[in-house]
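Residue numbers (UniProt numbering): 1 to 350.
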């Protein structure tokens, strides 16, 4: 992707901010040699700086079942298109490659290292079953859970063991009961990744990964304490030792620039996109993203663009939907709508 952008006159920084899988590509209208696409310099200088954010990480075992292959292509395409008029309009166009969106939060790491500060607008489009202009993602915390107990023969010496698997079971039961009292708009879910090897041996270690989601960061912080007590209950009841390790930073809720969002909607409609959709099919707009953290410091949009079909994100069939002729049309529409939207915002003096 960086090589493609370099071919179109973007200056490449890779690694970016010491992250080997991150990059920044810059087309700078202030560069005296940038008379046309094909010559640009890193840094800022244009009167308005647009950042197209690219994601490219895949899902373990599923490949691009969240369509990040299309995200990166749409962002690159939109940036290349906008660079065609950047010199004339005094724009600086950036593409920032942001790794590890699926759970770790690469954008948060980049933020902590000073990225995005110079942008006037940050934007990207995310594949989904249908088109939705509004991004309303949950804030989320990602945890690695571990219980350490004591192994013993399950038949001969069970009293000598501490069953780490039971600790996890108690925690999951407590969480299931807690859901009765949780407010609308929160989610608690996870998987157990290790739970013992043999039925005649009391498991000495269990591990899992859990996500806690809420509509705002403030609500999330309160919810985290309630869920944490469920995991502590498993340790207290069994005598196992509990270790909770955050996996990356908390993802914030999204604070969308509504004006830019509506410009995107109008541009997408002009391309033939349809936003009159089934609200159930539109539920992907609640999925968490580290783009929310970026939206706290810069005007940003994160619309969803439909790839068609019956599959939804994180299903194997959705990976299939993100390649082929329909996906390629989605790519062209997304890149064009993003470029037009960035141009509209810049011309309005944002």
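Just so it is clear, CB atoms sit at the ideal spot from N, CA and C, and this is done for glycine as well.
Cα-Cα separation, residue i to residue j
i	j	result
residue 94	residue 27	6 Å
residue 11	residue 289	27 Å
residue 8	residue 348	26 Å
residue 222	residue 215	12 Å
residue 142	residue 88	45 Å
residue 128	residue 193	28 Å
residue 155	residue 197	15 Å
residue 52	residue 117	14 Å
residue 208	residue 47	48 Å
Whether residue i touches residue j by CB criterion (8 Å)
i	j	result
residue 205	residue 147	yes
residue 351	residue 237	What is shown of the chain runs 1 to 350, which leaves residue 351 out entirely.
residue 91	residue 50	yes
residue 329	residue 65	no
residue 57	residue 304	no
residue 119	residue 298	yes
residue 71	residue 54	yes
residue 167	residue 235	yes
residue 139	residue 217	yes
For residue i, the three-state DSSP class (helix, strand or coil)
i	result
residue 158	helix
residue 264	helix
residue 130	coil
residue 51	strand
residue 325	helix
residue 231	helix
residue 62	coil
residue 316	helix
residue 148	strand
residue 68	helix
residue 192	strand
residue 116	coil
residue 244	strand
residue 200	coil
residue 105	coil
residue 345	helix
residue 136	coil
Local Cβ density within 10 Å of residue i, reported as buried at 16 or more and exposed below that
i	result
residue 313	buried
residue 165	buried
residue 106	buried
residue 199	exposed
residue 157	exposed
residue 310	exposed
residue 40	Residue placement at residue 40 is flagged as unreliable, the pLDDT there being 42, under the threshold of 50; a coordinate-derived value is accordingly withheld.
Among the options, the one whose alpha carbon lies nearest that of residue i
i	options	result
residue 357	249, 133 and 210	Examination of residue 357 is not possible in this model, given that the chain is present from 1 through 350 alone.
residue 123	210, 96 and 144	96
residue 251	156, 55 and 220	220
residue 17	113, 79, 4 and 51	113
residue 1	25, 323 and 286	25
residue 253	207, 301, 272 and 271	301
residue 176	167, 184, 188 and 183	188
residue 103	144, 75 and 23	144
residue 260	101, 338, 202 and 308	338
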